[in-house]
Amino acid sequence: MSEIICPHCHKAFTVDESGYAAIVQQIRNHEFDKEIHSRLEALEAEKKNAVDLARTQTASSFKDDISKKDLLISDLRSKLEAKDQQTIIAVSEAVKKVTDQSVEKDLVIQDLKNRLELKDKEMQIAIQDAVSEKNTQLTDLKNRLDNNETQHKLELKTVAEGYETRLKLQEDEVERLKDFKLSQSTKAIGESLEIYCHNEFDRIRSVAFPRAYFEKDNDASSGSKGDFVFRDYSEDGTEFISIMFEMKNEADDTAVKHKNEDFFKKLDKDRNEKNCEYAVLVSMLEADNPLYNDGIVDVSHRYPKMYVIRPQFFIPVISFLRNAAQNSYTYRKELEIIKAQNYDITHFEENLNDFKKDFDRNYRLASDKFLTAVEQIDDTIKKLEAIKKNLLGSENNLRIANEKADKLTVKKLTKDNPTMTAMFENL
């Protein structure tokens, strides 16, 4: 229902959606017609002003041309009257000249009339085109407004129908659950909730959770057990999430009404004993408590990683926790790969540094040995140079000895020995 205030009496009255829409449509059509009428009047006024302006300008131009021709004729006549008519030939020529100018004047006037008619036709065509274009624009605008209004109505109708359908389904589901709960015993009610959750999971297991484990918890070796355990695994077989489920329900006519928080401690204990990361209580208890009727309730402030849900949020909470854990696992794997790459880089750098150190040591050793060999070669060169020098000195002595031998004669040998001299002379 919509409230409308009368502009005259200032009293408020309400109308339904159809009446309100009719009033809005009526006002919109009236305003649209009024706008079209005002625009058409503006176009007609613009057209009239354009025609009047064109006619005024053409008439003014025509009058100016006539005035110029009249002045020319008057000037010629005054000149003819002022002069002495000397010869008839001059007069005839003047008259002929005036006649030719008059014919030219008529031609100019006719040309101006033709131009004026042509401009008038062009103006009429331009005005008709402008009016046609404006009408086309107005038609398009009206069509778009009608289309937008129709589309808006269809969207509102679709939303309303969808809301009514969901509301009807929820009401039917509430009634079905009420009838179902009334027809079951307390134990059967609890077991029916477990069966419902198990069937819901099996319905999408192959599509949404192909590698997941979801079975009843039958291990009571620690003294207690939960209802169901969910575990999911990556492609390489690594477990990346685990959830302990507890299902609680009771008949409406039960004498002692339980609360959800009565089961938090046991659920947390079962979660720790079965090494599960999360704990979820699927509960139909406290049906009138708005805290548990608005969606997934996080009670991690009481017990770590614990949530309370209604049965309709059973699959969504699994998907929510599983996707978050899978993303976290993916990030951890990527981080491990990055760490391994960093380790490989660090190890490579260490090997490179070791190689550089060994190479530097071998280089220094080779350099030292090279320098030692160079020094030894220098010493050897020095020794060879000394030997060379000695050999050169020995050669010089041999040359001197040879020269002395070449100069040795018998006369020189027997110079101071009379006996030998006498013997050689006898020979």
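Just so we're aligned, residue 10 is where the sequence shown starts under my numbering, counting upward by one.
Glycine included, every Cβ here is placed at the ideal spot set by N, Cα and C.
| field | D228 versus R240: straight-line alpha-carbon distance, rounded | value | 16 Å
| said: For K348, list the residues DSSP reports as bridge partners. | reply: Its beta-bridge partners do not exist; DSSP assigns none.
| message | Going by C-alpha to C-alpha distance, which of L52, T339, F254 and E184 sits closest to Y316? | response | F254
| message | Can you look up R240 in the DSSP assignment and give me helix, strand or coil? | response | strand
| message | Helix, strand or coil, according to DSSP, for E255 in the structure here? | response | strand
| task | State whether the region 218-225 contacts the region 298-313, with contact taken as three or more CB pairs (one from each stretch) at a distance under 8 Å. | result | no
| field | Rounded straight-line distance, which links the Cα of L374 to that of D387 | value | 20 Å
| task | Report the rounded CA-to-CA distance for E55 versus L163, giving the unit in angstroms. | result | 41 Å
| message | So within the region 272-322, which uninterrupted alpha helix (DSSP H) runs reach at least 4 residues, ignoring any that extend past its ends? | response | 273-282
| task | Per DSSP, which residues does F218 bridge with? Please list them. | result | Paired residue(s): none; F218 is not in a bridge.
| task | Give me the Cα-Cα distance between D181 and E170, rounded to the nearest whole angstrom. | result | 16 Å
| field | Cβ neighbours of L178 in the same chain (closer than 7 Å, five flanking residues each side left out) | value | none
| field | Helix, strand or coil at K57 according to DSSP, with G and I counted as helix | value | helix
| query | In three-state terms, what does DSSP make of K225? | reply | strand
| Using the beta-carbon count (16 or more within 10 Å), is L292 buried or exposed? | Looking at the sequence itself, residue 292 is Ser, so the reference to Leu does not match. Answer is buried; the Cβ neighbour count reaches 16.
| query | Going by the CB atoms, is the gap between D226 and E203 shorter than 7 Å? | reply | no
| task | Take the Cβ of K257 as the centre, count every other Cβ of all protein chains shown within 10 Å, and call the residue buried at 16 or more, exposed below. | result | buried
| request: Just tell me which of Q350, L52 and K342 has its CA closest to the CA of E244. | output: K342
| request: For the alpha helix (DSSP H) holding N435, just list the boundary residues, first then last. | output: P427 to N435
| query | Beta-carbon separation of V289 and I250 under 7 Å? | reply | no
| query | Roughly how many angstroms lie between the CA atoms of Q133 and T145, to the nearest whole one? | reply | 18 Å
| query | Hey, how far is the Cα of K378 from the Cα of E384? | reply | 10 Å
| query | Do you know offhand how far S201's Cα is from G246's? | reply | 33 Å
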